[in-house]
Amino acid sequence: MKKILSMLLVIAMVMTTMVGCGKKKEAAQGVSEKEVKIGTIAAVSGPFAIVGKPLVEGMEAYFNMINEQGGIDGRKIKLVKKDDEFKPELAIQKAEELLDEEVFAIVGQLGTPTCLATLDVFKEAGIPCVYQGTGNSTFASVKGNYFPVQPNYQFEGRLIASYSLNELEGKKIAVLYQDDDMGEDGLKGIESYLKEIGEENAAVVKIPFAIGETDFTSHVLSAKKENPDVTIVYGMQGPTAKILKASKEQGFESQFITSYVNADPKIAELAEGGAEGLIVPAWVNIVDLNDESVKEYYARMKVEGIETPNAFHAAGWVAAQVFIEGLKNTEGELTWDNFIKGMEKIENFNGLAKGVTYTPENRDGVTKMYFIQFIDNKATLLGDGEWVEIKK
1 MKKILSMLLV IAMVMTTMVG CGKKKEAAQG VSEKEVKIGT IAAVSGPFAI VGKPLVEGME
61 AYFNMINEQG GIDGRKIKLV KKDDEFKPEL AIQKAEELLD EEVFAIVGQL GTPTCLATLD
121 VFKEAGIPCV YQGTGNSTFA SVKGNYFPVQ PNYQFEGRLI ASYSLNELEG KKIAVLYQDD
181 DMGEDGLKGI ESYLKEIGEE NAAVVKIPFA IGETDFTSHV LSAKKENPDV TIVYGMQGPT
241 AKILKASKEQ GFESQFITSY VNADPKIAEL AEGGAEGLIV PAWVNIVDLN DESVKEYYAR
301 MKVEGIETPN AFHAAGWVAA QVFIEGLKNT EGELTWDNFI KGMEKIENFN GLAKGVTYTP
361 ENRDGVTKMY FIQFIDNKAT LLGDGEWVEI KK
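Encoded structure:
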């Protein structure tokens, strides 16, 4: 009888332990009754601090506003910041530190090389990752715990192709693209859209270029020979500006259009007159002062003591805003699984960024962009700044 009682006691203890373990697995790390602790990794020192510092300040501004309003479901947001100096090996170290500190999610991580370096770490952990400061399409294909926000290059390539055919009425399109992940992603997007609508032959020439090249005369002359209506230059600011300058020098007249990474007045200066008429998509319109989200953004930044916020502040604001929208959509206990389901309910969300949408199969994030054109070295809105989607 004593043996039976002893066995029953052992079984009861084992069952209690199992139940306790089950509850522990259901409870999300970084979550208490009064707080949700999240982490970010961004370069706030070194040469890339010019991007990372305002990005983090933008997130802090939005979270401060939410916290002053009482938080979400009574929980305030605590942001744990890690500086990786834009170094991939340091980013991995900081990622492991955040996991050890049991943050609930990673929000607003900055940089293509650093985000790629930590991808396997965060994917294996299963921690929700909202907003990566990169247009690399890898993160949209991961799905699961990853939620990119800013347009990925394949999506943008599709949108630029759609705009070139439907709005610019281009019959013949030349594509000059950077021969790296960015340029190849953009080219894939362009090609996939043209194939989808049966217009593969519209791309009359595709010309790769290296980011370190200095003389683009041969590239420009090869494109000019095809007499394209629209010329897409898919690359970073430096080589794109050189191509535009060379095009002017060679008398190559076409409607030029480029990636959102070049939606900066600096390109007009670098192109030395070659950017006149250049069209560029953009994804956060912070010049539309009639937009309530824009008004809220500027008002809060002023409260934070930031009188002249820039595009990187806006990016941080967007990262925080989309994360909070996911929290608002979360039903039941705040766990990783429930939060991911909440994020996947976001449909055509219009905050500072417009048309943010996720589903279990879709991680494109931003699905609308607007277009600007450089006239007299100044960016002007096209179509009154209306938001443009891909036309099927």
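Going by full-length UniProt numbering, the sequence shown opens with residue 1, and the numbers climb by one from there.
The beta-carbon is built from N, C-alpha and C at its ideal position, and this holds for glycine as well.
In this text the structure is predicted, and so the values were computed from the model without any measurement.
Cβ neighbour criterion (16 or more within 10 Å) applied to residue i
i      : result
Thr367 : buried
Lys354 : buried
Ser259 : buried
Ser192 : exposed
Gly144 : exposed
Val220 : buried
Leu289 : exposed
Val303 : exposed
Glu57  : buried
Asp384 : exposed
Trp317 : buried
Ile279 : buried
Ile41  : buried
Glu299 : Here the sequence assigns Ala to residue 299, which means Glu is not the residue at that position. That one is exposed.
Gly332 : exposed
Lys82  : buried
Residue i (DSSP reduced to helix, strand or coil)
i      : result
Gly365 : strand
Thr258 : strand
Ala12  : Residue placement at Ala12 cannot be trusted, given a pLDDT of 36 that sits under 50; the coordinates are not used to answer.
Tyr358 : coil
Thr138 : helix
Thr231 : strand
Gln93  : helix
Phe155 : helix
Pro281 : strand
Glu57  : helix
Thr214 : coil
Phe63  : helix
Gln321 : helix
Ile346 : coil
Phe86  : coil
Gln250 : coil
Phe339 : helix
Thr240 : helix
Phe312 : helix
Ala275 : coil
Lys266 : helix
Lys225 : coil
Ile390 : coil
Glu167 : coil
Ile77  : strand
Ile375 : strand
Glu307 : coil
Ile160 : helix
Glu101 : coil
Glu68  : helix
Thr380 : strand
Glu333 : coil
Val31  : strand
Gly385 : helix
Lys37  : strand
Integer Cβ distance of residue i from residue j, believed to fall under 8 Å
i      : j      : result
Val233 : Phe256 : 6 Å
Phe147 : Asp179 : With 8 Å as the limit, Phe147 and Asp179 do not qualify as a contact, their Cβ atoms being about 29 Å apart.
Val230 : Lys206 : About 13 Å separates the two Cβ atoms, so there is no contact after all.
Ala319 : Met59  : 6 Å
Glu276 : Phe374 : 6 Å
Ile160 : Ile197 : About 14 Å; that fails the 8 Å criterion.
Ile38  : Leu99  : 12 Å between Cβ atoms; not a contact.
Gln132 : Trp283 : Their Cβ separation, rounded to whole angstroms, is 14 Å, which puts Gln132 and Trp283 out of contact at 8 Å.
Arg75  : Glu124 : That pair is no contact at about 27 Å.
Gly342 : Gly365 : That pair is no contact at about 15 Å.
Pair within 8 Å by beta-carbon distance, residue i and residue j
i      : j      : result
Pro128 : Ile346 : no
Gly186 : Glu156 : yes
Gly379 : Pro265 : Reading off the sequence shown, one finds Ala at residue 379, where the question assumed Gly. Closer than 8 Å, so yes.
Val388 : Tyr153 : no
Val107 : Phe323 : yes
Lys295 : Gly274 : no
Pro228 : Val204 : yes
Asp84  : Thr114 : yes
Phe139 : Pro281 : no
Gly235 : Ile211 : yes
Val130 : Leu334 : no
Ala315 : Leu55  : yes
Phe63  : Ile77  : yes
Leu165 : Ala202 : yes
Phe86  : Ala43  : yes
Ile243 : Phe216 : yes
Near the ligand PLP: residue i beta-carbon under 7 Å from a heavy atom
i     : result
Ala28 : For the structure depicted, the ligand PLP is absent and the ligand set is empty, with no information on it obtainable.
Enumerate, from N- to C-terminal direction, the unbroken alpha helix (DSSP H) stretches of 4 or more residues contained entirely within the region 173-204.
181-196
Extract the residue ranges of the beta strand (DSSP E) inside the region 103-134, only unbroken runs of 3 or more that lie entirely within it.
106-110 and 129-133
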